[in-house]
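K.L.:
If you're matching positions, the sequence shown starts at 3 in my numbering and goes up one per residue. Quick one: this structure, given as structure tokens, is what I'll be asking you about.
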Amino acid sequence: MKLEKNVLLAPYTTIRIGGTARFMCFPSDFAELSKAIRWAKEEGLPVFLLGRGANTIFGDYYGLVINTSRLNGMKVFHTGEKVLLEAQCGVRLSQVVKLALELNLEGIYKLAGFPATVGGAVAMNAGAFGTEISHYLKSLLVMDWEGNVEKISAEDVKFDYRSSPFPDMGIVLMAELELKRAELDVRHEQNLIKERRRRTQPINMPTSGSTFKNPPGQYAGKLLEMVGMKGYRVGDVAFSHLHANFLVNLGDGRYEDALKILLEAKRRVYEEFGIYLEEEVKVVESCSTHGGQV
């Protein structure tokens, strides 16, 4: 298994911000992944599961980052009006969206533009335009933090808004998705979504995507705009001029600046509206025994 030391993390995140990881490994199968977890446990190292690094801002991580990019197997099964898709955790969500467009499949095409892996999308229950990836899950292959592997029905997993029990209850190794053939032309619908994203989101800049979750009955972006955070900048980290809930790197963004701007945004919204904004983005330093799958 490929193991690297003192790895710069910025290139492995979509916002291009990050310190240094003490170790990073690249397992090519589930057995190597299990071996990496056992090794980290023996060494007393925290573990963080990393896909494409969307919704992630790293400081220094004095543990083991497990990069899932080599766990990218995918199989497709046609069953009448439905298509079953088995995708390993490192498969890019864009590949699933591409397949949905080719086969004219319902719903999941709305997640076009998410720079995530399947494992990360499941762990955060990625969603947009009224759909979430959990709507299409049939089963999951999961490895717990002792290395035991189990297939579980998606019905037995509690998914919430932008959250799931993962990675606390284990690592998503593989997701089985059940997708129906659509009656409408999903390419047309997806083109409309792409155009809307182009107009309203900084898709051509290094960004961590949506920064805060929407509070009940509210929109985080609107609240941030109302307290003057749209375009607000600390160093080379700023909230986008297009969308106040998108954090962007203007060139040389640093972890410390990202922390400052997040705290300022939360302070302003709380003082003005009494609403505590909860991060959707993961702010990661050496912390828990095991960390997010993104």
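Ideal placement from N, C-alpha and C gives every residue a C-beta, glycine not left out. Here the structure is a predicted model, which means the values were calculated and not measured.
1) Under 9 Å, do Phe32 and Val9 count as touching if we go by C-beta distance?
2) Compare the beta carbon distance of Ala177 and Leu225 with 9 Å and say whether it is the shorter of the two.
3) What did DSSP end up calling Gln192 once you bin it into helix, strand or coil?
4) Starting from Glu6, follow the beta strand (DSSP E) in both directions and report where the run begins and ends.
5) Which of helix, strand or coil does DSSP assign to Leu225?
6) Quick check: what's the CA-CA separation for Glu273 versus Ile135?
7) Should Thr81 go down as buried or exposed, given a rule of 16 or more other Cβ atoms within 10 Å for buried?
8) CA-CA distance, Phe248 and Phe214?
9) So what does Glu134 bridge to, in DSSP terms?
10) With Ile68 and Leu35 assumed to form a contact (beta carbons below 8 Å), what rounded beta-carbon distance in angstroms separates them?
11) Counting beta carbon pairs with one atom in the stretch 148-168 and one in the stretch 190-202, are three or more of them shorter than 8 Å?
12) Alpha carbon to alpha carbon, how far is Glu185 from Ser290? Give it in angstroms, no decimals.
13) How about Phe168 and Ala125: do their beta carbons lie closer than 9 Å?
14) Strictly by DSSP, which residues pair up with Lys182?
15) Would you say Leu73 and Gln97 are within 9 Å of each other, going by their C-beta atoms?
16) Does the beta-carbon of Val78 have 16 or more other beta-carbons within 10 angstroms, so that it is buried, or is it exposed?
17) Between Trp147 and Ile19, what straight-line distance do the alpha-carbon atoms span, to the nearest angstrom?
18) Hey, would you say Lys84 sits closer than 9 Å to Lys182, going by beta carbons?
19) Ala56 to Val188, Cα distance in whole Å?
20) Any chance you could list the beta strand (DSSP E) runs of at least 3 consecutive residues sitting entirely within the stretch 228-292, in chain order?
21) I think Tyr138 touches Ile173, with their Cβ atoms under 8 Å apart; what is that distance to the nearest whole Å?
22) Along the alpha helix (DSSP H) that carries Leu95, what are the first and last residues, could you check?
23) I need the straight-line Cα distance from His292 to Lys7, nearest angstrom please.
24) Considering only DSSP beta bridges, list what Asp162 is partnered with.
25) What first and last residue would you give for the beta strand (DSSP E) that runs through Ile68?
26) Shorter than 9 Å from the beta carbon of Leu103 to some beta carbon of chain C?
27) Can you tell me the Cα-Cα spacing of Leu107 and Asp259, whole angstroms?
28) Since Val229 contacts Arg270 with CB under 8 Å, what's their CB separation in whole angstroms?
29) I'd like the span of the alpha helix (DSSP H) that includes Ala33, first residue to last.
30) When you compare only the Cα positions, how much space is there between Arg54 and Gly219?
31) On a CA-only basis, which of Asp254, Ser288, Phe275 and Gly223 is nearest Glu282? Give me that one, please.
P.N.:
So, to answer that:
1) Within the sequence shown, the letter at position 30 stands for residue 32. Within the sequence shown, the letter at position 7 stands for residue 9. Their beta carbons are not under 9 Å apart, which means Phe32 does not touch Val9 by this criterion.
2) Position 175 of the sequence shown holds residue 177. Position 223 of the sequence shown holds residue 225. Result no, Cβ atoms of Ala177 and Leu225 do not sit closer than 9 Å.
3) Position 190 of the sequence shown, counted from the start, is the residue given in the question as residue 192. Residue state, collapsed to three classes: helix.
4) Locating residue 6 in the sequence shown gives position 4, counting from the first residue. Residues Lys4 to Leu10.
5) What you label residue 225 is simply residue 223 of the sequence shown in a count that begins at 1. Leu225 falls in the helix class under three-state DSSP.
6) Reading the sequence shown from its first residue, position 271 is the one you call residue 273. Reading the sequence shown from its first residue, position 133 is the one you call residue 135. If I take the Cα positions, the gap works out to 34 Å.
7) As a working mapping, residue 81 is identified with position 79 in the sequence shown. Looking at its Cβ environment, which holds fewer than 16 other Cβ atoms inside 10 Å, Thr81 is exposed.
8) Within the sequence shown, the letter at position 246 stands for residue 248. Within the sequence shown, the letter at position 212 stands for residue 214. Roughly 9 Å between the two C-alpha positions.
9) Translated into positions along the sequence shown, residue 134 becomes position 132. Glu134 is bridged to Gly129.
10) For the purposes of this step, residue 68 is identified with residue 66 of the sequence shown, where counting begins at 1. For the purposes of this step, residue 35 is identified with residue 33 of the sequence shown, where counting begins at 1. So it is a contact: roughly 7 Å between Cβ atoms.
11) Short answer: they don't touch.
12) Locating residue 290 in the sequence shown gives position 288, where the first residue counts as 1. Locating residue 185 in the sequence shown gives position 183, where the first residue counts as 1. The predicted model places Ser290 with a pLDDT of 44, which falls under 50 and marks its position as unreliable; any figure quoted below should be read in that light. When rounded, the distance between both Cα atoms is 46 Å.
13) Within the sequence shown, residue 168 is the residue found at index 166, counting from 1. Within the sequence shown, residue 125 is the residue found at index 123, counting from 1. Against a cut-off of 9 Å, the Cβ pair of Ala125 and Phe168 comes out as a contact.
14) Your numbering for residue 182 matches position 180 in the sequence shown. Beta-bridge pairing links Lys182 to Lys84.
15) In the sequence shown, the residue the question calls residue 73 occupies position 71. In the sequence shown, the residue the question calls residue 97 occupies position 95. No, they are not a contact pair.
16) Taking the first residue of the sequence shown as position 1, residue 78 is located at position 76. It is exposed - the Cβ of Val78 has fewer than 16 other Cβ atoms within 10 Å.
17) Taking the first residue of the sequence shown as position 1, residue 147 is located at position 145. Taking the first residue of the sequence shown as position 1, residue 19 is located at position 17. Those two C-alpha atoms are separated by around 28 Å.
18) Residue mapping note: residue 84 aligns to position 82 of the sequence shown, counting from 1. Residue mapping note: residue 182 aligns to position 180 of the sequence shown, counting from 1. Yes, they are a contact pair.
19) Here the question's residue 56 lines up with position 54 in the sequence shown. Here the question's residue 188 lines up with position 186 in the sequence shown. Their backbone Cα atoms lie some 25 Å apart in a straight line.
20) 239-241, 248-251 and 284-286
21) Within the sequence shown, residue 138 is the residue found at index 136, counting from 1. Within the sequence shown, residue 173 is the residue found at index 171, counting from 1. Actually they are not in contact, since the Cβ atoms of Tyr138 and Ile173 sit about 20 Å apart, beyond 8 Å.
22) The sequence position of residue 95 within the sequence shown is 93, counting from 1. Per DSSP, Leu95 belongs to the alpha helix (DSSP H) from Leu95 to Leu105.
23) Working through the sequence shown from its first residue, we reach residue 292 at position 290. Working through the sequence shown from its first residue, we reach residue 7 at position 5. Bear in mind that a pLDDT of 48 at His292, under 50, signals an unreliable position, so the model cannot answer this.
24) One-based indexing of the sequence shown puts residue 162 at position 160. In the DSSP output, where bridge partners are listed per residue, Asp162 has Ser165.
25) For the purposes of this step, residue 68 is taken as residue 66 along the sequence shown, with counting starting at 1. It spans Tyr63 to Asn69 - the beta strand (DSSP E) in which Ile68 sits, taken as one unbroken run.
26) Considering every chain present, this structure includes no chain C. It has just one protein chain.
27) Translated into positions along the sequence shown, residue 107 becomes position 105. Translated into positions along the sequence shown, residue 259 becomes position 257. Approximately 42 Å between the Cα atoms of the pair.
28) The sequence position of residue 229 within the sequence shown is 227, counting from 1. The sequence position of residue 270 within the sequence shown is 268, counting from 1. Going by Cβ atoms, the distance from Val229 to Arg270 rounds to 4 Å, so yes, they are a contact pair.
29) For this step, residue 33 is matched to residue 31 along the sequence shown. Where Ala33 is concerned, the enclosing alpha helix (DSSP H) stretches over Phe32 to Glu45.
30) Mapped onto the sequence shown, residue 54 falls at position 52. Mapped onto the sequence shown, residue 219 falls at position 217. Rounded to whole angstroms, Arg54 to Gly219 spans 30 Å at the Cα level.
31) Residue numbering aside, residue 282 sits at position 280 when the sequence shown is read from its first letter. Comparing Cα positions, the closest option is Gly223.
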